[in-house]
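Under my numbering, think of the first position of the sequence shown as 146, with each following residue one higher.
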Amino acid sequence: MKQFFSTKTPLQIAVTSVATILLTTGVVVAATTLGTNISTTGTLTVTPASNSTTVTSVKNAAGTPIFDVDTTNALASTTDLVIASGARIGLGSTGGHLTALANDSLFVEGEGEFDGIVWFDGSLRASSTILATGETTLYNTLTATTTSLRANDSSAAVLTIRQDDATSNIATLQDGATSVLTIGPAGLVVVQPSANSTVALSVKNSTGAPIFDVDTTNARASTTGALIRPTSNGTATVSITNATGKPIIDIDTTNARASTTELFIGQSNGTTPRLNASSTAVSIGDGQPIVGLRFGTCVVDIPSTIASSTSFANCTATGVTTSDRVFVTMRSTSTSMVFRNASSTTNNTIQVSVANTGWLSNAVYAGTVDPDATEWEWMAIR
């Protein structure tokens, strides 16, 4: 028995007991953390002796890497990542979705494909190109500092704006808070510049020469030429009215004419234009207004007239009044008879006076002459 047990001091006994306890505890902990399925109830920290691109690697049964931890570049990589319900990027982000906090960034080096709906509650910014092969729907405001829209397909429209609500505007362009161009329901277009200009709207040809300009400063429009061709004729195909809707100028393409209630022609010296034409009078220059013109013919029968005397005759001129100025064209078979004057002494009648000079030709003098009745032309100006 002395070979197996020997006398020990109390200190030796205590040291031996502590060592035995520590060794037993270490074995138990090792068995808890390194089993068939590696697990731990506490914190597992792995610190390699040196950095490596595959300091930790999870492989499949064939030895193909599935998940690698790269401590050299401070990243982890996998051949395929499936998120069943959601992933969070950044401490404090909301679960259930792929989310990132305001101070975090999500980068896609190559292409990103979204077969479903992608929602952006904030801003969507692209320094290069946003490619949308399908229909893109905007429920709020699209803000761009510098942008252009381009279609690679020559058979497709570059931009199509559709409004299914029949009472809302289709599109609005704004300069600050001012809507400068509005395409309203049914395609009605309103152009309202934020500031007036002599060329608020300008249509030019291919060389840049103005063809049609709208001047909002002076409330007028100008063009180098205009051609209006209606699809069907009418008595007022083009109509210009005043503020109350009273017609000022009507263009009648049915009868190929234009009508107006009054016509003012401005003078070259810049004075106030005078009334040159209305429904009741016409004036030329500074002359007296003309309120009526009549034309016709009447039969004049000059009585027998002795030489060096004057005879009078009346002819019927329907419509002539005593206030008219009348003009006649004399017709006579006698060369010695000359016309002197004409007047409208009574309504519907023109009186003419004719003198017999007594001279025929070649110093041959005639005596009494009795001309035949002839038809004269007349004109009356009122």
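No residue lacks a Cβ here, since even glycine has one placed at the ideal position from N, Cα and C.
Owing to the predicted nature of the structure, the values given are computational and were not obtained by experimental measurement.
Asked                                                                                                                                                                             : Found
How is Pro330 classed by DSSP in three states: helix, strand or coil?                                                                                                             : helix
Can you tell me which of Asp310, Pro338, Gly329 puts its alpha carbon nearest to the alpha carbon of Gly321?                                                                      : Pro338
Identify whether Arg270 lies in helix, strand or coil by the three-state DSSP scheme.                                                                                             : coil
Does the segment 513–521 come into contact with the segment 449–456, if we say contact requires no fewer than three beta-carbon pairs (one atom in each stretch) closer than 8 Å? : yes
Starting from Val544, follow the beta strand (DSSP E) in both directions and report where the run begins and ends.                                                                : Limits of the chain in this structure are 146 at one end and 527 at the other, which puts residue 544 out of reach.
Nearest by alpha-carbon distance to Val499: which of Ser377, Leu333, Ile393, Ser481 is it?                                                                                        : Ser481
Starting from Met482, follow its DSSP beta bridges and name the residues at the other end.                                                                                        : Asn501
Count the other C-beta atoms from every protein chain shown that fall within 10 angstroms of the C-beta of Thr309, then say buried if there are 16 or more, exposed otherwise.    : Checking the sequence, you will find Asp at residue 309 rather than Thr. Burial call: exposed.
Give the DSSP bridge partners of Trp264, in chain order.                                                                                                                          : Its beta-bridge partners do not exist; DSSP assigns none.
Taking its Cβ as the centre, do 16 or more other Cβ atoms sit within 10 Å of Ser367, making it buried, or is it exposed?                                                          : exposed
What does Val348 pair with, by DSSP beta-bridge criteria?                                                                                                                         : Phe357
By Cβ distance, which residues of its chain are closer than 7 Å to Val359, with the 5 residues on each side in sequence left out?                                                 : Ala345, Leu346, Ala366
Can you list, in chain order, the residues of its chain with a C-beta nearer than 6 Å to that of Thr327? Leave out the 5 residues immediately preceding and following it.         : Asn314, Thr317, Val335
Determine the extent of the beta strand (DSSP E) in which Asn459 is found, giving its start and end residues.                                                                     : 454–461
Just mark Val473 as buried or exposed, buried being the case when its beta carbon has 16 or more other beta carbons within 10 Å.                                                  : buried
In chain order, what residues of the same chain have a beta carbon less than 8 Å from the beta carbon of Leu438, not counting five sequence neighbours either side?               : Met524, Ala525, Ile526, Arg527
Just to confirm, is the Cβ distance from Asp213 to Ser195 under 8 Å?                                                                                                              : no
Would you list the one or two residues that DSSP bridges to Met524?                                                                                                               : Phe440, Phe472
With DSSP collapsed to three states, give me the class of Lys391.                                                                                                                 : coil
How is Asp446 classed by DSSP in three states: helix, strand or coil?                                                                                                             : coil
What three-state label does DSSP hand Asp397 in the structure shown?                                                                                                              : strand
Per DSSP, what kind of secondary structure is Pro375 in: helix, strand or coil?                                                                                                   : coil
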